[in-house]
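K.L.:
Same order as they appear, the protein sequences are chains A and B.
Read in numbering that gives the first Met the number 0, the first sequence has 205 at position 206, and its numbers run on one by one without any break.
Read in numbering that gives the first Met the number 0, the second sequence has 43 at position 44, and its numbers run on one by one without any break.
Note that CB positions come from ideal geometry on N, CA and C, so glycine has one too.
A quick note: this is a predicted structure, and the numbers were derived from the prediction, not measured.
Pasting in a structure now, in structure tokens, and then I'll have a few things to ask.
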Amino acid sequence: MTPPSRGKRAPQPAVTETPATERPAADTTTTDPAPAGSTAAHPTAADLAAAHPTAVGSPGSDPGAAHPTAAEPSGTDPGATEASLVARAQAGDVGAFEQLSSAYADRLFMLLLRLLGDRAEAEDVAQEVMLRAWQGIASFQGRSSYFTWLYRIAVNEANRALGKRARRPAGVSIGATELQLPSSPADDPSRQAEVSELRLALGRALAELPPALRAAIVLRDVEGLSTQEAAEIAGVSQAAFKSRLHQARLRVRAAVGDEALVTAGG
Amino acid sequence: MGVPGRTDDHRWSQQHLSHYVEGDLRPRARRRLERHARDCVDCGRGIRAMRALVYSVQGLDGLAGVRAPATIFDRVRPAGAGGSSSPRRA
Chain A
0 MTPPSRGKRA PQPAVTETPA TERPAADTTT TDPAPAGSTA AHPTAADLAA AHPTAVGSPG
60 SDPGAAHPTA AEPSGTDPGA TEASLVARAQ AGDVGAFEQL SSAYADRLFM LLLRLLGDRA
120 EAEDVAQEVM LRAWQGIASF QGRSSYFTWL YRIAVNEANR ALGKRARRPA GVSIGATELQ
180 LPSSPADDPS RQAEVSELRL ALGRALAELP PALRAAIVLR DVEGLSTQEA AEIAGVSQAA
240 FKSRLHQARL RVRAAVGDEA LVTAGG
Chain B
0 MGVPGRTDDH RWSQQHLSHY VEGDLRPRAR RRLERHARDC VDCGRGIRAM RALVYSVQGL
60 DGLAGVRAPA TIFDRVRPAG AGGSSSPRRA
């Protein structure tokens with residue numbers, strides 16, 4: 000069971016699990032804690048410099064590469080299937096839970112970095128996500144994939160963290176200078192400059208989005224998830240998710256400008 | 000006075016460029032947008048801009064290859080050992 004990625008999207012069941020963060024005991028029962036139009040805290044340039052250290056863009060990295068699955072972890076029980084790990088975790092086996100969740104840990108952490116733009120905060124929220132997943136694993140019934148369930152907890156926790164964060168001055172965000180992708184060697188310097196400027200502008204525009212809209216564009220366009228899966232993770236209907244996605248794109252387009260997009264991104 | 004309906008078509012098309020690129024428009028709506036964009040420089044460029052936006056955002060942050068911190072299960076381990084926060088049956 001490989002986590003879906005762009006170009007390799009697995010069909011998902013229609014019924015959505017209730018993640019741990021939506022249990023009655025949790026104070027974030029809503030799946031939409033920061034609806035479109037609400038104010039969002041913006042990560043600062045300093046946050047982002049700290050958020051994305053030298054590990055970013057490590058050699059051989061492939062944004063579309065499939066991650067290891069729970070059934071194919073390194074150094075742990077290679078014969079265990081995801082279903083058996085879920086069953087063991089539900090019985091209280093913390094080792095099985097770690098084996099199950101570690102297959103998705105890197106991707107989940109990247110999602111949190113994208114949503115929060117702050118490495119220290121992403122690390123803190125990642126720990127909280129795993130704790131909530133562990134506490135809620137008994138309620139996981141397998142109607143959605145474990146990946147979808149875990150990602151949904153992560154989005155809820157990220158939104159909660161953004162809600163708590165004091166509003167900061169607008170800064171650059173994901174896609175900022177420290178996150179530039181390697182340009183094609185064939186590109187001439189002026190072309191590289193255009194692309195670099197476009198990435199900066201896109202990063203700023205994404206940082207300005209309310210959390211719900213930012214999550215929509217990150218899940219669908221950056222992470223490359225299907226609309227169905229992204230909607231499940233966001234905890235809304237596909238129609239509502241698409242509405243957010245289209246709003247997000249319109250806002251980003253307006254902020255960046257058609258000329259920059261067509262010239263550098265075309 | 001412009002051509003009747005033309006302003007409405009333009010405004011509507013501008014609002015639905017993302018839907019168009021996403022393939023979310025029904026055939027009739029799709030034809031409406033394409034018919035308008037053929038004669039409208041702004042909307043023709045808007046379609047190219049929206050496609051470029053979706054393309055450019057993919058892999059924008061260069062985060063591929065980032066690893067989760069080794070501490071990611073730190074709150075789970077004490078919970079698992081102590082049992083106080085262990086899985087709860089629904």
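Please state the DSSP three-state secondary structure of G94 (chain A).
P.N.:
Counted from its first residue, the first sequence places residue 94 (chain A) at position 95. Correct three-state label for G94 (chain A): helix.
K.L.:
Nearest to T70 (chain B) by alpha carbon, out of A:Q191, A:V154, A:E120 and A:A192?
P.N.:
Here the question's residue 70 (chain B) lines up with position 71 in the second sequence. Among A:Q191, A:V154, A:E120 and A:A192, the Cα nearest to that of T70 (chain B) belongs to A:E120.
K.L.:
Determine which residues of the segment 5 to 30 of chain B have a Cβ less than 9 Å from any Cβ of chain A, and write them out in chain order.
P.N.:
Under the 9 Å Cβ criterion, the segment 5 to 30 of chain B contributes Q13, Q14, H15, L16, S17, H18, V20, E21 and D23.
K.L.:
Would R203 (chain A) and S55 (chain B) qualify as a contact pair, given that the criterion is a beta-carbon distance under 9 Å?
P.N.:
Within the first sequence, the letter at position 204 stands for residue 203 (chain A). Within the second sequence, the letter at position 56 stands for residue 55 (chain B). Not a contact, by the Cβ cut-off of 9 Å.
K.L.:
Taking only beta-carbon positions, decide if R47 (chain B) is within less than 9 Å of chain A.
P.N.:
Here residue 47 (chain B) corresponds to residue number 48 of the second sequence, with the count starting at 1. Yes, R47 (chain B) lies at the interface with chain A (some Cβ there is under 9 Å from its Cβ).
K.L.:
Scan the segment 55 to 72 of chain B for residues whose Cβ lies nearer than 7 Å to a Cβ of chain A and list them as they occur along the chain.
P.N.:
The residues in question are S55, V56, Q57, G58, L59, D60, G61, L62, A63, G64, V65, R66, A67, P68, T70, I71 and F72.
K.L.:
State yes or no: is the beta carbon of G234 (chain A) nearer than 9 Å to at least one beta carbon in chain B?
P.N.:
Sequence index remark: in the first sequence, residue 234 (chain A) carries index 235 (1-based). Chain B, which has no Cβ nearer than 9 Å to the Cβ of G234 (chain A), makes this no.
K.L.:
From the beta carbon of R37 (chain B), is the nearest beta carbon of chain A less than 9 Å away?
P.N.:
Locating residue 37 (chain B) in the second sequence gives position 38, counting from the first residue. No, its Cβ sits nowhere closer than 9 Å to a Cβ of chain A.
K.L.:
Please report the Cβ distance between I216 (chain A) and L244 (chain A), rounded to the nearest whole angstrom; I am assuming they are in contact, meaning their Cβ atoms lie under 8 Å.
P.N.:
If you number the first sequence from 1, residue 216 (chain A) lands on position 217. If you number the first sequence from 1, residue 244 (chain A) lands on position 245. Going by Cβ atoms, the distance from I216 (chain A) to L244 (chain A) rounds to 6 Å, so yes, they are a contact pair.
K.L.:
Just to confirm my understanding: we take E271 (chain A), look at its own chain, exclude 5 residues before and 5 after, and list those with CB closer than 8 Å. What are they?
P.N.:
Past the boundaries of the shown model lies residue 271 (chain A); chain A is included only from 0 to 265, so the question cannot be answered.
K.L.:
Can you tell me the Cα-Cα spacing of Q98 (chain A) and V20 (chain B), whole angstroms?
P.N.:
Counting from one through the first sequence, the residue named residue 98 (chain A) turns up at place 99. Counting from one through the second sequence, the residue named residue 20 (chain B) turns up at place 21. Taking the straight line from one Cα to the other gives about 39 Å.
K.L.:
Assign R87 (chain A) to buried or exposed, taking buried as 16 or more other Cβ atoms, counted over all protein chains shown, within 10 Å of its Cβ.
P.N.:
Taking the first sequence and counting its residues from 1, the one referred to as residue 87 (chain A) is at position 88. So R87 (chain A) counts as buried.
K.L.:
Just mark D257 (chain A) as buried or exposed, buried being the case when its beta carbon has 16 or more other beta carbons within 10 Å.
P.N.:
For the purposes of this step, residue 257 (chain A) is identified with residue 258 of the first sequence, where counting begins at 1. D257 (chain A) is buried by the Cβ-count criterion.
K.L.:
In angstroms with no decimal places, state the Cα-to-Cα distance between D73 (chain B) and A206 (chain A).
P.N.:
On the second sequence, position 74 is the one that residue 73 (chain B) refers to. On the first sequence, position 207 is the one that residue 206 (chain A) refers to. Rounded to whole angstroms, D73 (chain B) to A206 (chain A) spans 29 Å at the Cα level.
K.L.:
Can you give me the C-alpha to C-alpha distance between R118 (chain A) and A239 (chain A), rounded to a whole angstrom?
P.N.:
Position 119 of the first sequence, counted from the start, is the residue given in the question as residue 118 (chain A). Position 240 of the first sequence, counted from the start, is the residue given in the question as residue 239 (chain A). So the alpha carbons of these two residues sit roughly 30 Å apart.
K.L.:
Less than 6 Å between C-beta atoms, sequence neighbours within five positions excluded: which residues of the same chain meet that for S12 (chain B)?
P.N.:
On the second sequence, residue 12 (chain B) is found 13 positions in, with the first residue counted as 1. Closer than 6 Å at Cβ, skipping near neighbours: L32, H35 and C42.
K.L.:
Less than 9 Å separating the beta-carbons of D141 (chain A) and V93 (chain A)?
P.N.:
Here residue 141 (chain A) is taken as the residue at index 142 of the first sequence, counted from 1. Here residue 93 (chain A) is taken as the residue at index 94 of the first sequence, counted from 1. Before going on, a small fix: residue 141 (chain A) reads as Gly here, not Asp. Cβ distance not < 9 Å, so G141 (chain A) and V93 (chain A) don't count as in contact.
K.L.:
Against chain A, with Cβ distances strictly below 9 Å, would L52 (chain B) count as a contact?
P.N.:
The residue you call residue 52 (chain B) lines up with position 53 of the second sequence. For L52 (chain B), the answer is yes, since a Cβ of chain A falls inside 9 Å of its Cβ.
K.L.:
If the criterion is Cβ atoms closer than 9 Å, does the pair G22 (chain B) and R252 (chain A) meet it?
P.N.:
Working through the second sequence from its first residue, we reach residue 22 (chain B) at position 23. Working through the first sequence from its first residue, we reach residue 252 (chain A) at position 253. No, they are not a contact pair.
K.L.:
Entirely within the segment 112 to 153 of chain A and at least 4 residues each: give me those alpha helix (DSSP H) ranges in chain order.
P.N.:
Whole alpha helix (DSSP H) segments, 4+ residues: 118 to 135.
K.L.:
Using the three-state DSSP reduction, which class does V217 (chain A) fall into: helix, strand or coil?
P.N.:
The residue labelled residue 217 (chain A) in the question sits at position 218 within the first sequence. Correct three-state label for V217 (chain A): helix.
K.L.:
Does the CB of I216 (chain A) have a neighbour CB from chain B at under 9 Å?
P.N.:
Walking along the first sequence from the start, residue 216 (chain A) turns up at place 217. Chain B contact via Cβ: present.
K.L.:
On a CA-only basis, which of B:R76, B:P68 and B:R25 is nearest D105 (chain A)? Give me that one, please.
P.N.:
Here the question's residue 105 (chain A) lines up with position 106 in the first sequence. Taking only the C-alpha atoms, the option nearest D105 (chain A) is B:P68.
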